[in-house]
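> Sequential numbering of the sequence shown, starting at 1117, is according to the working numbering.
Just so you know, even glycine gets a beta-carbon here, dropped at the ideal spot from N, CA and C.
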Amino acid sequence: MERKSSDEKNSDRPRRKPAGAAVLQDTVTEAIQRALFEEWAERGYSALRMERIAARAGVGKAALYRRSKSKFELVTEAVKSKATSITPIPDTGSFEKDVAKLMRRMAATLRHPLVKRILPDLHAEHARSDELAELLESVTRDRRAQATVLLDRAIERGELTKDTDRQMILDMFIAPLYWHVIVQHRLVRSADIQRFTNLVLSV
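1. Which of helix, strand or coil does DSSP assign to Glu-1193?
2. By DSSP, does Lys-1185 sit in helix, in strand, or in coil?
3. Considering only the beta carbon of each residue, do Leu-1317 and Ala-1223 sit closer than 8 angstroms?
4. Kindly indicate which residue of Ser-1197, Gln-1262 and Arg-1220 has the alpha-carbon position closest to the one of Ala-1307.
5. Check whether the region 1172-1182 and the region 1138-1157 are in contact - that is, three or more C-beta pairs closer than 8 angstroms.
6. Three-state secondary structure (DSSP) at Thr-1256?
7. Any idea if Trp-1156 is buried or exposed, counting beta-carbon neighbours within 10 angstroms, 16 or more meaning buried?
8. What span of residues does the alpha helix (DSSP H) with Glu-1158 cover, start to end?
9. For Ala-1194, does the count of other Cβ atoms within 10 angstroms reach 16, so buried, or fall short, so exposed?
10. How is Gln-1300 classed by DSSP in three states: helix, strand or coil?
11. Decide yes or no for the touch test of the region 1261-1274 against the region 1282-1299: beta carbon pairs closer than 8 angstroms, at least 3 of them.
12. Can you give me the start and stop residues for the alpha helix (DSSP H) that Val-1215 sits inside?
13. Under 7 angstroms from any heavy atom of the ligand FAD, does the C-beta of Leu-1303 make it?
14. Taking just the CA atoms, how far does Glu-1250 sit from Arg-1260?
Structure (structure tokens):
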């Protein structure tokens, strides 16, 4: 009878699931990211410290460094995870309704208490940090690419022409809302959503 090699014997054994440091628990990652954003909103990016983030999250610093080697890396992963979790705008059947739906979603995001404090700081730090500038530009490109789908639909329906100034419309999706909520600290009413939607349609 032919004997199995040690490698063959090992391959027959059921594989153990990784444990301990090999596993990055989602609940811990979520707690760390939540603590990061809360610290950022309170203190600003320049004052972020890994030990304070760990303490707020209720974990040891080792848990942070298993996920990220630096503050910037931790911020990058957290920001990108939030940016990519945004679901596409469903096709409502008209450009006007698509735009209004996008406006309502962005208004809800900008009204979030953490977002309202982090965004101005991010844009201020962006001017002083090449790393943050690249991160912000990357996220902005992705968001604009998602919004471009609305323009493609409108062109297919014949609501917009192929020579439409796409970049101008993409700017108008966010500029009025950002000024209204982040700069002026004003509430967004249904009438404001309609007004901003009409502004986009007039471009």
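On the basis of the coordinates in this document:
1. helix
2. In the three-state scheme derived from DSSP, where H, G and I count as helix and E and B as strand, Lys-1185 is classed as coil.
3. no
4. Arg-1220
5. yes
6. Helix.
7. Counting other Cβ atoms within 10 Å of its Cβ, Trp-1156 reaches 16 or more and is therefore classed as buried.
8. 1142-1159
9. buried
10. coil
11. yes
12. 1211-1227
13. With respect to the ligand FAD, the structure offers nothing, as it holds no ligand at all.
14. 15 angstroms
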